[in-house]
Amino acid sequence: MATASLARPSPVIRTRRRNWTQTLGFGLLAVATAMTVLPIIVIVTLILLRGLATITPEFLLTFPTDGLRAGGILPAIVGTFWLAIGTAVAAVPLGVAAAIYLAEYAPDNRWTRLIRVAIINLAGIPSVVFGLFGLGLFVLFLRLGTSILAGSLTLAIMTLPVIISTTEEALRAVPGSFRVVSISLGGTHWQTVRRIVLPQALSGIMTGVILGLERAVGETAVILFTAAAVYLPTLPTSPLDPTMALPYHLFVISTQVPGMPIGVQYGTAAVLLIFVLALNLIATIIRSRARARRQW
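Following this line, the structure appears as structure tokens:
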């Protein structure tokens, strides 16, 4: 017994070992975070520093000229905006409705579990596959042609898995006691979902929506097959018109146009980056206000 007690570390030594292990773990996490965040900061800073010098009112408000080597990017900005709006209109109501059904109404059986697995798998499918699907279904079969509508619907299908998954998790995170109290006071299931659960889950829902739209805004492969044109002399006037878009325009001027000034490339990339950062800022403001009103 005396030998065993001598071999066992004292409480002070065990505490020191735990503290050392915890410090080591935090240090490794800090290193991993720095290795992830610092390259992103460097890339964003480089793009903004080189691109902001090119961004002028003329660059933002005029059409490309000289074979895309000069002029502005107005058609690409407008086209990206309409594609984002079309994607949001098609994907957000459907994605939120599907998440509400899965989280609040669907029974927990093998079919709903299979549906959730399918949604998760859809989120990992390469975007070029969605592009080919949109080409076959919307452009050729439904005869929408290369258009904003075909591109928006394809982008909506691509973003649905992200919106559904994050919205469902946000709804499930709302405490069940909120539902019990509401129903015990005479509220129906739908009234409980609409007036209690959805407002409390708004911050998480907005996170999923913005993540999906950000992916759609920066997508190239999908719009390459369904919506984008290399150059258009006029702005689109109908959802059935093709459009220029910032991601595809950046791809074209970076790989297909010889003698392209590097400033135009960085300027286009900076505008696209600012567009995405603006979406993030809007989402952050909405999430902050929603969390301030949250009661748990």
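The opening position of the sequence shown corresponds to residue 22 in my numbering, with each subsequent residue numbered one higher.
By construction, the Cβ of each residue, glycine as well, lies at the ideal position given by its N, Cα and C atoms.
For residue j and residue i, the rounded distance between their alpha carbons
i	j	result
Arg312	Gly229	15 Å
Met22	Leu45	Because the pLDDT at Met22 is just 46, under 50, the model does not fix this residue reliably, and the value given afterwards should be weighed accordingly. Using only the alpha carbons, I get a separation of about 34 Å.
Ala120	Ile217	16 Å
Ala304	Thr289	23 Å
Ser31	Asn40	14 Å
Ala266	Ala97	4 Å
Phe84	Phe199	54 Å
Val52	Ile64	19 Å
Thr36	Ala55	28 Å
Gln277	Val285	14 Å
Leu81	His210	49 Å
Val113	Leu176	12 Å
Tyr269	Pro196	44 Å
Val150	Leu298	27 Å
Of the residues the options, the one placed nearest residue i, counting alpha carbons only
i	options	result
Ala118	Ile226, Gly239, Thr77, Leu49	Ile226
Val202	Leu192, Ala191, Ala194, Val214	Val214
Leu70	Tyr287, Gly157, Glu235	Tyr287
Glu264	Val278, Ala171, Ile295	The residue you asked about is not Glu; residue 264 is Thr in the sequence shown. The shortest C-alpha separation from Thr264 is found at Ala171.
Gly166	Ile178, Pro260, Ile295, Gln43	Pro260
Leu219	Leu232, Arg137, Glu189	Glu189
Met281	Val297, Asp87, Val150	Asp87
Arg194	Val33, Ala124, Leu302, Ile295	In the sequence under discussion, the amino acid at residue 194 is Ala, which differs from the Arg named in the question. For Ala194, the nearest C-alpha among the options comes from Ala124.
Those residues which DSSP pairs with residue i across a bridge
i	result
Gly92	Pro85
Thr264	Ala249
Simplified DSSP state of residue i, which is helix, strand or coil
i	result
Ala249	strand
Gly280	coil
Glu240	coil
Ala223	The sequence as given places Leu at residue 223; Ala does not occur at that position. Leu223: helix per DSSP, three-state reduction.
Ile76	coil
Ser259	coil
Val117	helix
Ser309	helix
Ser198	helix
Gly208	coil
Asn130	coil
Pro336	No statement about residue 336 is possible, as the shown extent of the chain runs from 22 to 317 and does not include it.
Ser31	coil
Exercise for the section: Entirely within the region 141 to 192 and at least 4 residues each: give me those alpha helix (DSSP H) ranges in chain order. Expected result: 148 to 155
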